[in-house]
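Report on the following structure.
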Amino acid sequence: MFIHLGEDVVIRSSDVVTILDRQLLTTSEVTNEFIDRYKKDGLVVDISGDIAKSIVVTTDTIYLSPLSSITLKRRAQMVAGFEPLEDVEN
């Protein structure tokens, strides 16, 4: 399944490691160092425009999303609630 992060960006839900609130950018030095390290490697994608509301960490990229972490977590939980097609009885 997939999760829409905002703008035209959609990622595989299985690639998501964590979804963090943007407040960690202002309150956590460790989070800033983590993101800065990925920025140096060109692995941060900012789709938020001016204000990032959430940070989505995947297995290979960090996304700064304009959608709140609560919205993204709901979308991820909704995706997790679907049964794979091969498990559905006919």
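In our numbering, the protein residues as written are 34 to 123. Just so you know, even glycine gets a beta-carbon here, dropped at the ideal spot from N, CA and C. A quick note: this is a predicted structure, and the numbers were derived from the prediction, not measured.
Requested in this report: Would you mind giving the Cβ-Cβ distance between Val-50 and Ile-80, rounded to the nearest angstrom? I have them listed as a contact below 8 Å.
Outcome: With a Cβ gap of about 17 Å, Val-50 and Ile-80 do not count as contacting.
Query - DSSP-derived helix/strand/coil call for Asp-48 - result: helix
Query raised in the report: For Val-77, which option in Ile-88, Asp-83 and Gln-110 has the closest C-alpha, if you only look at C-alpha atoms?
Result: Ile-88
Requested in this report: Below 8 Å CB to CB, which residues in the same chain sit around Gly-75 once its five sequence neighbours on both sides are set aside?
Outcome: none
Query - Ser-101 - DSSP class collapsed to helix/strand/coil - result: coil
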